[in-house]
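Reviewing the structure listed below.
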Amino acid sequence: MDDNVKVKLEAAYESNNSIKPVKRLDEWLKECKSRNLINDNYIDEKSILVFSHQLSRTGAPIVLLDLVRIMKKEGYKVAVISFMDGSLKEEYKKEGIPVLVYNSKYINEELIDVLSRYFGTWFINTLVLWTFVAYAKNRHIKVIWWMHENEQFYQIMQKEYCKLVKTKNMRFLAAGPYVQRMISTYMNTESEILNFGVKEERGTDAIQAYYNEHNIVRFLLAGTLSSLKGIDVLAEAIRTLPEVYHERSEYIFVGNMSTAEEGILEDLLTLDNEYDNVKIYDSLNHDDIYRLYDKVSVVVVPSRLEPTSAVAVEGLMKRKICICTDICGVSYYLENGKNAIIIPSGNSEVLAEKIKYVIDNVADLKYMCDAGYEVYKSVYSMECLENSWKNVMKEWDNQPLEPSLDIIIYNYNDKAGLMKTLRCVYDTFYNNMQVVVIDDASQEDCLECIEKEYGDKENLMYIQNDEHIGEYKSFIYAYNSTESEFCSYISSGTCMEANYYNGLVACIQDNNCVGVCSKRLMVKGGKIIETGYNKDKITLDDILAADSICFKGIVFRRNIVKNIPDYEVEYKNMAFERLYIHMAELGNLMFCDNERIADVC
Numbered sequence: 001m002d003d004n005v006k007v008k009l010e011a012a013y014e015s016n017n018s019i020k021p022v023k024r025l026d027e028w029l030k031e032c033k034s035r036n037l038i039n040d041n042y043i044d045e046k047s048i049l050v051f052s053h054q055l056s057r058t059g060a061p062i063v064l065l066d067l068v069r070i071m072k073k074e075g076y077k078v079a080v081i082s083f084m085d086g087s088l089k090e091e092y093k094k095e096g097i098p099v100l101v102y103n104s105k106y107i108n109e110e111l112i113d114v115l116s117r118y119f120g121t122w123f124i125n126t127l128v129l130w131t132f133v134a135y136a137k138n139r140h141i142k143v144i145w146w147m148h149e150n151e152q153f154y155q156i157m158q159k160e161y162c163k164l165v166k167t168k169n170m171r172f173l174a175a176g177p178y179v180q181r182m183i184s185t186y187m188n189t190e191s192e193i194l195n196f197g198v199k200e201e202r203g204t205d206a207i208q209a210y211y212n213e214h215n216i217v218r219f220l221l222a223g224t225l226s227s228l229k230g231i232d233v234l235a236e237a238i239r240t241l242p243e244v245y246h247e248r249s250e251y252i253f254v255g256n257m258s259t260a261e262e263g264i265l266e267d268l269l270t271l272d273n274e275y276d277n278v279k280i281y282d283s284l285n286h287d288d289i290y291r292l293y294d295k296v297s298v299v300v301v302p303s304r305l306e307p308t309s310a311v312a313v314e315g316l317m318k319r320k321i322c323i324c325t326d327i328c329g330v331s332y333y334l335e336n337g338k339n340a341i342i343i344p345s346g347n348s349e350v351l352a353e354k355i356k357y358v359i360d361n362v363a364d365l366k367y368m369c370d371a372g373y374e375v376y377k378s379v380y381s382m383e384c385l386e387n388s389w390k391n392v393m394k395e396w397d398n399q400p401l402e403p404s405l406d407i408i409i410y411n412y413n414d415k416a417g418l419m420k421t422l423r424c425v426y427d428t429f430y431n432n433m434q435v436v437v438i439d440d441a442s443q444e445d446c447l448e449c450i451e452k453e454y455g456d457k458e459n460l461m462y463i464q465n466d467e468h469i470g471e472y473k474s475f476i477y478a479y480n481s482t483e484s485e486f487c488s489y490i491s492s493g494t495c496m497e498a499n500y501y502n503g504l505v506a507c508i509q510d511n512n513c514v515g516v517c518s519k520r521l522m523v524k525g526g527k528i529i530e531t532g533y534n535k536d537k538i539t540l541d542d543i544l545a546a547d548s549i550c551f552k553g554i555v556f557r558r559n560i561v562k563n564i565p566d567y568e569v570e571y572k573n574m575a576f577e578r579l580y581i582h583m584a585e586l587g588n589l590m591f592c593d594n595e596r597i598a599d600v601c
């Protein structure tokens with residue numbers, strides 16, 4: 001694993017698992033209220049809480065600041081929470097945006113409760129803040145998640161995503177086609193592209209810089225000094241150039257030396273000693289790097305992994321000749337030889353040949369610089385970012401949040417099974433979920449265990465029958481005490497995969513049926529009715545022929561199944577068969593297997 005990836009992930013994990021409320025939270029909330037961003041009595045639909053993993057002048061935090069400015073311009077009320085301080089905090093303050101730097105040691109429910117109480121929309125920036133996406137799924141919150149990272153991050157953290165199922169209150173945004181492909185590959189879900197924007201600043205184009213520098217072609221590589229950025233590839237290409245090309249060119253490397261890969265930095269310092277036309281600069285601020293652009297003709301991005309490359313985009317904006325690898329995200333919008341030079345990743349020989357080509361033909365490549373600028377204007381300009389943001393929010397502002405769901409758990413003398421089921425239910429991260437446990441006069445003391453493990457859960461209700469009345473009557477009693485849009489029923493000991501209810505509710509919404517079960521129907525003789533894609537609608541005959549109905553979970557629409565029939569039957573299972581008949585008479589009743597539910601999710 002690349003050391004920079006490891007350091008970033010470790011910092012993110014420590015941050016994500018290390019946050020606890022501090023006094024500054026109250027001060028920040030007070031500032032938010034004074035600026036009319038939040039209100040104690042209601043959630044303002046225009047208020048957005050923005051999460052930034054840090055406030056340093058690096059890629060993702062910088063482009064987030066640009067987007068926040070657009071949010072504010074569009075009338076949204078924005079507040080920012082970050083988990084590492086940095087110089088961008090002052091930029092936010094200049095914009096009148098309250099910033100909370102929350103660099104404590106523990107995440108706990110109090111912080112999440114406070115944030116969800118005041119902000120109905122969370123904008124979460126970068127993959128490494130995934131835990132807040134998971135926390136938000138448990139609450140009545142709209143989540144927009146903007147991801148920027150390269151493939152290594154998705155590979156390392158893939159196991160964690162298995163706990164997340166994208167729901168209708170979530171929007172996944174990809175910072176370019178490369179990131180979109182990573183989200184599809186590793187998270188198995190769709191995303192929308194939201195490319196970052198770069199503010200246009202005029203300067204000296206590539207050809208004029210060449211003449212201004214006395215016919216010397218200057219090449220610039222700026223970024224993290226690591227093998228992922230292909231520093232060694234460019235260094236090797238420089239070493240293979242004939243002396244005649246060294247006389248006509250100069251190579252400038254810019255990057256933070258304190259965080260550089262040890263071997264890469266040593267190689268660069270050796271290269272600097274070997275050639276007079278190689279220069280290395282430590283990190284430069286925005287103004288200095290833009291002044292440097294005016295002196296160079298070529299921007300080189302030889303990366304092995306590169307989601308987009310802000311340097312390449314800035315090069316296009318500055319009308320420079322851009323050489324970048326085919327792995328670089330920006331190459332999706334480029335055409336080799338027309339608006340840029342595209343090379344295979346990791347190939348120093350091809351890079352050396354392209355360097356020689358540019359040195360020999362730089363004066364004739366104005367067409368390439370102009371065409372590259374047009375790509376910037378049509379894809380990466382601030383106007384494009386603003387329009388893309390408007391499109392993201394256009395449908396979102398009018399889209400209702402995910403529906404509410406009541407989950408009724410029946411228990412009779414199965415304390416261990418009940419606790420097992422509760423753990424499964426609370427692992428679903430279902431948004432806006434109310435859990436009702438109805439204990440049918442069990443001899444075991446379940447309440448003590450529930451209070452010990454789930455005493456802090458405000459969405460858990462416990463009902464205990466004075467006498468044993470049976471499963472079906474208990475279900476009706478609990479059903480009449482709830483009022484969510486959807487209702488579900490399971491019994492103690494039933495265990496479902498995480499987020500199963502998301503799939504069940506999605507099945508109902510997508511197929512417009514009354515109810516859905518996640519298990520097949522058992523018929524007389526022990527045979528199983530074939531369900532799934534060939535036969536997923538259950539008929540009355542199927543139900544009447546059943547010995548019993550076996551399921552992991554059922555979800556149905558409350559507005560259709562308004563009154564649950566109170567059947568007086570000898571066997572309690574038969575009562576549930578009658579309930580299914582009642583649903584089937586009202587409309588479609590669907591049985592789904594695991595594969596179908598996974599497809600819906």
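Each residue of the sequence shown is one higher than the one before, starting from 1 at the first, in the numbering used here. By construction, the Cβ of each residue, glycine as well, lies at the ideal position given by its N, Cα and C atoms.
Start-to-end residues for the alpha helix (DSSP H) that takes in residue i
i      : result
Glu261 : No alpha helix (DSSP H) holds Glu261; DSSP gives it neither H nor E.
Ser184 : Pro177 to Met187
Met84  : Where Met84 is concerned, there is no enclosing alpha helix (DSSP H), given that its DSSP letter is neither H nor E.
Arg171 : Run containing Arg171: none in the alpha helix (DSSP H); it sits in the beta strand (DSSP E), Met170 to Ala174.
Val244 : Glu243 to His246
Val63  : Gly59 to Lys73
Cys463 : According to the sequence shown, residue 463 is Ile rather than Cys. Taken as a continuous stretch (DSSP letters only), Ile463 belongs to no alpha helix (DSSP H), being part of the beta strand (DSSP E) at Leu460 to Gln464.
Thr240 : Ile231 to Thr240
Beta-carbon contacts of residue i that lie in its chain and below 6 Å, excluding the five residues immediately before and after
i      : result
Ile144 : Phe123 and Arg171
Ser56  : Gly86
Lys199 : Met382
Ile43  : Gly120
Val278 : Tyr251, Leu271 and Asp272
Ser283 : Asn256
Asp294 : Gly203 and Thr204
Ser348 : Val233, Glu236 and Ala237
His582 : Pro565
Helix, strand or coil at residue i according to DSSP, with G and I counted as helix
i      : result
Tyr281 : strand
Phe119 : coil
Val217 : strand
Met583 : helix
Gln208 : helix
Ile97  : coil
Asn361 : helix
Ile554 : strand
Lys473 : helix
Ile124 : strand
Gly372 : helix
Val505 : helix
Gln158 : helix
Val198 : strand
Val22  : In this prediction, Val22 has a pLDDT of 44, which is less than 50 and means its spatial position is unreliable; nothing more can be read from the coordinates.
Ile38  : coil
Closest residue to residue i among the options (Cα-Cα distance)
i      : options                           : result
Ile280 : Asp456, Tyr135, Ile359 and Glu250 : Glu250
Ile490 : Ile438, Ile321, Glu190 and Leu460 : Ile438
Phe153 : Ala136, Val128, Asn361 and Lys142 : Val128
Ile476 : Arg202, Ile342 and Ile407         : Ile407
Ile156 : Ala506, Met187, Val133 and Ala134 : Met187
Arg218 : Ser492, Leu292, Ser348 and Pro344 : Leu292
Trp130 : Tyr118, Met147, Arg117 and Ile141 : Met147
Glu274 : Leu221, Val375 and Ile238         : Ile238
Lys420 : Glu395, Ala441 and Cys449         : Cys449
Nonlocal neighbours in the same chain, by C-beta distance under 7 Å from residue i, ignoring five residues either side
i      : result
Asn39  : none
Leu115 : Leu49
Cys324 : Val301, Ser309, Ala312, Val330, Ser331, Ala340 and Ile342
Asn177 : Residue identity check: residue 177 is Pro in the sequence provided, not Asn. Cβ neighbours of Pro177 beyond the five flanking positions: Ile193, Gly329 and Tyr332.
Val78  : Ile48, Val50, Val68, Met71, Lys72 and Ile97
Lys229 : Gly223 and Ser303
Cβ shell of residue i (< 8 Å), same chain only, five flanking positions each side left out
i      : result
Leu65  : Leu88, Glu91 and Tyr92
Trp389 : Leu67, Ile70, Met71, Glu74 and Leu194
Opening and closing residue of the beta strand (DSSP E) in which residue i lies
i      : result
Val254 : Ser249 to Val254
Ser491 : Phe486 to Ser491
Lys142 : Lys142 to Met147
Val50  : Ser47 to Ser52
At 4 residues or longer, what runs of the alpha helix (DSSP H) sit wholly inside the region 406-447? 415-426
Threshold first: 3 residues or longer. Then list the beta strand (DSSP E) segments lying entirely within the region 277-353, N to C. 278-281, 298-301, 321-325 and 341-343
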